[in-house]
Amino acid sequence: GEAEEGLFTYLFQPSQHTRSRQVTSAQLWFHTGLDRQETTATNSSEPLLGLLVLTSRGPTPVPMSLGQAPPRWAVLHLATSAFPLLTHPVLALLLRCPLCSCSARPEATPFLVAHTRAKPPSGGERARRSTPPLPWPWSPAALRLLQRPPEEPAAHADCHRAALNISFQELGWDRWIVHPPSFIFHYCHGGCGLSTLQDLPLPVPGVPPTPFQPLSLVTGAQACCAALPGTMRPLRVRTTSDGGYSFKYEMVPNLLTQHCACI
Numbered sequence: 001g002e003a004e005e006g007l008f009t010y011l012f013q014p015s016q017h018t019r020s021r022q023v024t025s026a027q028l029w030f031h032t033g034l035d036r037q038e039t040t041a042t043n044s045s046e047p048l049l050g051l052l053v054l055t056s057r058g059p060t061p062v063p064m065s066l067g068q069a070p071p072r073w074a075v076l077h078l079a080t081s082a083f084p085l086l087t088h089p090v091l092a093l094l095l096r097c098p099l100c101s102c103s104a105r106p107e108a109t110p111f112l113v114a115h116t117r118a119k120p121p122s123g124g125e126r127a128r129r130s131t132p133p134l135p136w137p138w139s140p141a142a143l144r145l146l147q148r149p150p151e152e153p154a155a156h157a158d159c160h161r162a163a164l165n166i167s168f169q170e171l172g173w174d175r176w177i178v179h180p181p182s183f184i185f186h187y188c189h190g191g192c193g194l195s196t197l198q199d200l201p202l203p204v205p206g207v208p209p210t211p212f213q214p215l216s217l218v219t220g221a222q223a224c225c226a227a228l229p230g231t232m233r234p235l236r237v238r239t240t241s242d243g244g245y246s247f248k249y250e251m252v253p254n255l256l257t258q259h260c261a262c263i
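Given below as structure tokens:
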């Protein structure tokens, strides 16, 4: 921010997450650098702090009230009528404080604190939300969903590795997973009769064989078509948690099946 005759200008960019929700309270924290004696020593009838927002009509006063704050700080509580300001992609605030001095120290940087909650759904949204929302992609419930895809007719009923194209948009995960938009999900499917050595995968050059005994079942136990232990691979995805302002790469562990067998 710049200080001109006690006027400080700050630009804020509320995240898309904040702009999409209902604001319940908002405070602007500002480092005044003044102790209580300096604050009360002024004889001016004007308030110590004033807040304005830059609009198409010019600087406009923002209704607010001062709350309790740590030493040398001021906490400005925005009035309810000012909450819609946080729905703007860019927010230019002008803070007037004649006694304050500009500080370039990082620990003195002003900041906005906003508490939000989900907006009440409209009639159409309520109908679309009648089904439970899908869980967060990395949750065990979501991974179980991927590991138990709907059964479909297979070329043969024996244990084999089947494929299913997964679209993150169809799952409702495209808000978090930016890339890839979809991937081929392999899973184990089919019945298990008498296990034979034909059920085992062919050796892969450079990959040590996985110890496996197809007939070493406990008496009375039923074989199950499943991925061979130690052969599951992760999926690398690019994600965002703030609507596309920042990205990071993550690994979804044990998601891609390489080999199936009756075990």
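Heads up, the sequence shown is in the UniProt record's numbering, so the first residue is 1 and it goes up one at a time. We put the CB at the ideal spot given by N, CA and C, even for glycine.
Exposed unless 16 or more other CB atoms sit within 10 angstroms - verdict on residue i
{"i": "Phe111", "result": "exposed"}
{"i": "Val90", "result": "exposed"}
{"i": "Leu11", "result": "exposed"}
{"i": "Ser195", "result": "Residue confidence for Ser195 is low, a pLDDT of 43 falling below 50, so the modelled location carries little weight; the figure read from the coordinates is stated next. Buried, because 16 or more other Cβ atoms sit within 10 Å of the Cβ of Ser195."}
{"i": "Tyr245", "result": "exposed"}
{"i": "Ile177", "result": "buried"}
{"i": "Cys102", "result": "exposed"}
{"i": "Pro209", "result": "Model confidence at Pro209 stands at a pLDDT of 45, short of 50, so the residue's coordinates are unreliable; what they give is reported in the following sentence. Counting Cβ neighbours within 10 Å, Pro209 comes out exposed, since fewer than 16 surround it."}
Whether residue i touches residue j by CB criterion (8 Å)
{"i": "Val113", "j": "Gln13", "result": "no"}
{"i": "Phe247", "j": "Thr257", "result": "no"}
{"i": "Arg175", "j": "Thr87", "result": "no"}
{"i": "Gly191", "j": "Ala227", "result": "no"}
{"i": "Cys260", "j": "Arg161", "result": "yes"}
{"i": "Val252", "j": "Pro234", "result": "yes"}
{"i": "Leu49", "j": "Leu78", "result": "no"}
{"i": "Leu54", "j": "Met64", "result": "no"}
{"i": "residue 273", "j": "Ala74", "result": "No information on residue 273 is available, as it lies outside the stretch 1 to 263 that the chain covers here."}
{"i": "Arg238", "j": "His179", "result": "yes"}
Straight-line Cα distance separating residue j from residue i
{"i": "Leu52", "j": "Glu250", "result": "41 Å"}
{"i": "Gln182", "j": "Gly33", "result": "Checking the sequence, you will find Ser at residue 182 rather than Gln. So the alpha carbons of these two residues sit roughly 53 Å apart."}
{"i": "Ser81", "j": "Gly243", "result": "26 Å"}
{"i": "Cys159", "j": "His186", "result": "13 Å"}
{"i": "Cys262", "j": "Gln169", "result": "33 Å"}
{"i": "Phe83", "j": "Thr60", "result": "14 Å"}
{"i": "Leu215", "j": "Thr116", "result": "A caution first: Leu215 carries a pLDDT of 40, below 50, which makes its placement in the model unreliable, though a value can still be read off. Using only the alpha carbons, I get a separation of about 58 Å."}
{"i": "Phe8", "j": "Asn254", "result": "52 Å"}
{"i": "residue 282", "j": "Leu66", "result": "Any question about residue 282 goes unanswered here, given that the chain covers just 1 to 263."}
{"i": "Gly6", "j": "Gln16", "result": "32 Å"}
{"i": "Arg72", "j": "Pro47", "result": "16 Å"}
{"i": "Asn165", "j": "His189", "result": "15 Å"}
{"i": "Arg236", "j": "Ser167", "result": "15 Å"}
{"i": "Lys119", "j": "Leu85", "result": "16 Å"}
{"i": "residue 277", "j": "Ala69", "result": "This structure gives no information on residue 277, because the portion of the chain shown stretches from 1 to 263."}
{"i": "Ile184", "j": "Ala163", "result": "6 Å"}
{"i": "Trp173", "j": "Arg21", "result": "19 Å"}
{"i": "Arg57", "j": "Ala108", "result": "30 Å"}
Element boundaries [alpha helix (DSSP H), containing residue i]
{"i": "Thr18", "result": "16–19"}
Range covered by the beta strand (DSSP E) that runs through residue i
{"i": "residue 282", "result": "Outside the displayed range of the chain (1 to 263) lies residue 282, so it cannot be described from this structure."}
{"i": "Pro59", "result": "58–61"}
{"i": "Leu91", "result": "91–96"}
{"i": "Ile177", "result": "177–179"}
{"i": "Leu235", "result": "233–239"}
{"i": "His115", "result": "111–117"}
{"i": "Gly230", "result": "Per DSSP, Gly230 belongs to no beta strand (DSSP E) and is neither H nor E."}
CB contact check: residue i to chain B, cutoff 8 Å
{"i": "Gly6", "result": "The structure shown has no chain B; it contains just one protein chain."}
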